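Protein chains in written order, with UniProt numbering: chain A, 1 to 378; chain B, 1 to 378. Report on the structure given below.
The structure is reproduced here in structure tokens:
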């Protein structure tokens, strides 16, 4: 496929859309390429929410609607045109064909109701030539039984539910996971694979964007799906690209939608980019949020990044707080408050590896009060 | 479309299928037409269940699977090929286009999980050029709210849930109903239309067959959907066609499926046929079951037919029993045992009109014991 041609089409649609019209005034779609895409203005979820609050009704040409729970507006609607849906189905099918997924029996345990989740996987896997069974969420024991009775090869669901299916006796040669942190939680994949008896692959997507990155059988990071999106990782402060291997905010241009175009959409998700074979790869997946970044000792700390690390050490991923204090000599002091009875061996080293910061002090507590970050430095 | 050509295709597929192979030995698909279809052998749900119990795994070429609860085997699987699904989507879309359903906003409140219900409506309405929102079942108040906020025109669900949506404040210009007795229950449509503030249309289908009959805006019975099926009404004893206007068993040949061909499938449902404009119409819809037929005073009585009549009079549709006794002079005595405090005026006349039989005696009881029919004549 010609990604540049498709990109121009998406930018052309964006230029006509009220969310972009003003800021794309000087943009000439025919000149936009994968190389200079970074010169276009960024777009935030807040901009979309402001627009949709004023214009809740479906736009002309809308053919499929979903709603996503949104802290900003209750439910946020997403609309695809018939053409968008056709494009997306074929584009994502190509990704599954590359994974060798054709002629398989696939059970989808994401919801098809209200949310886009089930549809995204279903349509593409169907189109790639698989038998798809839209099971919907829940009922781990029934899924285990159906999997056996009808000989299903592939399970599509979030990894924690996959664990339950495995514990109920379900065995699947392949798990296509999504919907929650998976490979960014150390040890999680190994646990799921052991119980399901197969290979588990991660993917990343949102309802606004579709599925934009997925693992290969080599399990070497989340690869940009070239037909679906262009990925960038930017410094959330300077909004410039971070060097490969450095943390930043994942910014996505969806190639699959023109009715609600998503051009340089700031996901707020934390990732590291690498370039391989001309594609962007997220070697550590998506592992935190950028919107609560704090500077500690001159280093950018993304506290949510600690959640999957704690999870990997068997702790409650939400059971922590970062406390920042000023040492007498004026330098920052990083205190980690943990809802735990003891500090698991290796945890501090893992945090230092991930964040580049040494924790100065650990406080073990029974309860936590306040937000993720308590900043007492100023 | 050429229905005869499509019929030949379906019969050709059936001839190759294990369920039909033996009994279709002498059948020459190229000679089968709408006129001589009645010469082919009938097929029962029991035959399919026997086959599927032995062969539960999806057949080659299966691309979409659903399960239906089956008293005979727990869950009965249905399989469609990619081609079947494409054909069905387009065929049913044609039906909705004839209803003027294009460019509308449609909220589907049937389930998409496990069952075929939601899919059947969704795919066709989407293909006909409507915006479809796959809401799924339940949450009447949320549906009322979403209907208002996003300007939905059409609600797709079963009529009793539609009532709840209306009671929660939902207003829809059109209801596409299905899934339970509707227009066969006197007064039900009027009640639903009053509360929803729009027009309500009935449809008939099963998961094995798809949607095979639907109402027109004229509300003059369930019309055979020519692209989807061929309908017949047979005497359940002689298995010969009953004259137009007489009760019998609805037998359906689905034109929409070749992977699990349904040729002259005995639904066990009770209907009356009329011929209009070259199509079969079920003027009273589907209003009972044929499998509990008893002969009373030489007349075929289908006791389940009484359920929608009782419902229309505000009684519990399951709160009755037919008791048959022998009068001293040797003739049959028909006793209706009713779980009610009094006999609603007009009920006996309605029963006589529907069944052609006069109830000799009514017994009002608090509780019912035993089955639908208590036959004490022999």
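Note that beta-carbon positions come from the ideal geometry of N, C-alpha and C, so glycine has one too. Small disclaimer: the values here were computed from a predicted structure and weren't measured.
| Asked | Found |
| --- | --- |
| Residue 232 of chain A burial status per 10 Å Cβ neighbour count (16 or more: buried) | buried |
| Contact check, residue 302 of chain A vs residue 57 of chain B, beta carbons under 7 Å | no |
| Chain-order list of residues whose beta-carbon lies under 8 Å from that of residue 324 of chain A (same chain, five-residue window excluded) | 294, 296, 332, 333, 334, 335, 373, 374, 375, 376 and 377 |
| Residue 69 of chain A - DSSP class collapsed to helix/strand/coil | strand |
| Completely contained beta strand (DSSP E) runs for the segment 43-115 of chain B, where each covers 3 or more residues | 64-70, 74-80 and 105-108 |
| Beta carbon of residue 160 of chain A nearer than 7 Å to that of residue 68 of chain A | no |
| Test: residue 150 of chain A CB closer than 7 Å to a CB of chain B | yes |
| Meets three-Cβ-pair contact criterion under 8 Å: the segment 109-118 of chain A and the segment 189-200 of chain A | no |
| Same chain, Cβ closer than 7 Å to residue 143 of chain B, neighbours up to 5 away in sequence not counted | 107, 109, 135, 165 and 170 |
| Cβ contact check for the segment 235-248 of chain B and the segment 46-56 of chain B: 3 or more pairs under 8 Å | no |
| Closer than 7 Å to chain A by CB, residue 87 of chain B | no |
| Amino acids of chain A, ordered along the chain, whose beta-carbon sits closer than 9 Å to that of residue 263 of chain B | Neighbours of residue 263 of chain B on chain A: none; closest Cβ ~23 Å, over 9 Å. |
| Option nearest residue 287 of chain B by Cα separation, candidates B:162, B:99 and B:183 | B:183 |
| Residues in the segment 28-56 of chain A having any Cβ partner in chain B nearer than 7 Å | 56 |
| Rounded straight-line distance, which links the Cα of residue 365 of chain A to that of residue 226 of chain A | 46 Å |
| 6 Å Cβ shell around residue 271 of chain B - same chain, five flanking residues per side excluded | 233, 250, 282 and 286 |
| Residue environment, residue 60 of chain A, which counts as buried when at least 16 other CB atoms sit within 10 Å | exposed |
| Below-7 Å beta-carbon distance, residue 136 of chain A vs any chain B residue | yes |
| Cβ distance (whole Å) where residue 7 of chain A is taken to contact residue 230 of chain A below 8 Å | 7 Å |
| Pick from A:93, A:127, A:82 and A:148 that is closest to residue 130 of chain B, judged by C-alpha positions | A:82 |
| Nearest residue (CA-CA) to residue 190 of chain B, options B:215, B:163 and B:367 | B:163 |
| Where the beta strand (DSSP E) through residue 12 of chain B begins and ends | That residue, residue 12 of chain B, is in no beta strand (DSSP E); its alpha helix (DSSP H) goes 3-15. |
| Test item: CB-CB of residue 267 of chain B and residue 289 of chain B under 7 Å | no |
| Which of helix, strand or coil DSSP assigns to residue 251 of chain A | strand |
| Min CB distance residue 131 of chain A to chain B below 7 Å | yes |
| Bridge partner(s) assigned by DSSP for residue 189 of chain A | Bridge partners of residue 189 of chain A: none, in fact. |
| Beta-ladder partner(s) of residue 157 of chain B, from DSSP | B:177 |
| Three-pair Cβ contact test at 8 Å for the segment 346-361 of chain B versus the segment 307-318 of chain B | yes |
| Selected residue, minimal CA-CA separation from residue 371 of chain B, among B:319, B:38 and B:358 | B:319 |
| Close Cβ partners of residue 193 of chain B (< 7 Å) along its chain, the five nearest in sequence each way excluded | 199 and 200 |
| Straight-line Cα distance separating residue 217 of chain B from residue 276 of chain A | 59 Å |
| Local conformation of residue 368 of chain A per DSSP, three classes | coil |
| Residue 280 of chain B: first and last residue of the uninterrupted beta strand (DSSP E) it sits in | 279-282 |
| Chain-ordered neighbours of residue 77 of chain B on chain A, where CB pairs are closer than 8 Å | 150 |
| Integer-rounded CB distance, given that residue 80 of chain B should sit under 8 Å from residue 88 of chain B | 7 Å |
| Check whether residue 37 of chain A and residue 211 of chain A have beta carbons under 7 Å apart | no |
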